[in-house]
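Residue numbers (the numbering used here): 411 to 602. Backbone N, C-alpha and C fix where the C-beta goes; we use that ideal spot for every residue, glycine too. For reference, the structure discussed in these notes is given below.
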Amino acid sequence: MSLRKIATIGHPVLRTVARELTAEELARASTQALLDDLVETMRDANGAGLAANQIYEPVRICAIEQRKHNPRYPDKPAFPLTILVNPTIEPLSPETFLNYEGCLSVPDLRGEARRFAEIRVRAWDRDANPWVREIRGLTAGTFQHEIDHLEGKLFLDRVEDPRSLCTLREFERWHLASFAERARSLVARFGA
Ligand code: NI
411 MSLRKIATIG HPVLRTVARE LTAEELARAS TQALLDDLVE TMRDANGAGL AANQIYEPVR
471 ICAIEQRKHN PRYPDKPAFP LTILVNPTIE PLSPETFLNY EGCLSVPDLR GEARRFAEIR
531 VRAWDRDANP WVREIRGLTA GTFQHEIDHL EGKLFLDRVE DPRSLCTLRE FERWHLASFA
591 ERARSLVARF GA
């Protein structure tokens with residue numbers, strides 16, 4: 411396993427629509443090694459998720475993991491390590507919420523992106539077994555953020571009010587408390 415470099419905003423790979431993988435490609439040792447690197451790089455950077463094109467590999471793979479007390483996202487509910495291959499999303503209701511997001515490819519910036527509150531995600535796991543889940547609340551925001559990466563989209567594209575943009579320092583000073591309140595009410599409704 412090795413740590414990979416993370417692409418930052420402006421690099422075309424982040425605006426590339428990632429291609430689907432076949433089951434045969436997924437089973438290759440090189441693809442399995444890429445998955446291990448993706449997870450290791452995500453954990454090293456304290457990410458709540460990471461998409462393969464963020465490490466310069468434009469294929470439809472992303473990892474999500476919300477460990478308790480992640481210093482980048484202390485309010486996110488815990489979610490176990492999940493690898494999604496060729497994921498698709500379907501909203502389960504029209505309800506949306508504003509999620510204060512950051513991204514390892516957009517250093518030191520946070521902004522409010524609009525996300526569906528309840529979604530169904532279909533994907534393969536790393537062994538090409540079908541994986542289907544209904545995901546709600548803040549975690550649904552994380553899934554939409556990562557799957558957007560595979561479409562060449564960044565959370566900035568979903569920011570409706572550019573005045574919500576802020577550095578991490580100013581987020582913590584001015585916006586964290588009210589967002590934490592919103593996060594708690596979402597967690598209370600949808601669970602962790
Ligand atoms: Ni991101």
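Asked, Found
"Supposed contact pair SER515 and LEU424 - C-beta distance, whole angstroms, cut 8 angstroms", "6 angstroms"
"Given 8 angstroms, three or more beta-carbon pairs between the segment 448–462 and the segment 584–592", "no"
"Backbone secondary structure at LEU564 - three-state DSSP", "coil"
"Limits of the alpha helix (DSSP H) - the one that GLY531 falls within", "First, the residue type needs correcting, since residue 531 is Val and not Gly in the sequence shown. Where VAL531 is concerned, there is no enclosing alpha helix (DSSP H), although the beta strand (DSSP E) it sits in stretches over 528–534."
"Span of the beta strand (DSSP E) around THR506", "506–513"
"ARG573 versus ARG520 - alpha carbon distance", "11 angstroms"
"Residues bridged to ILE471 [DSSP beta-bridge criterion]", "VAL495"
"Exposure of GLN476, with buried meaning 16 or more beta-carbon neighbours within 10 Å", "buried"
"Which of helix, strand or coil DSSP assigns to ALA443", "helix"
"Presumed contact (8 angstroms Cβ cut-off) between PHE565 and CYS513, rounded CB distance", "6 angstroms"
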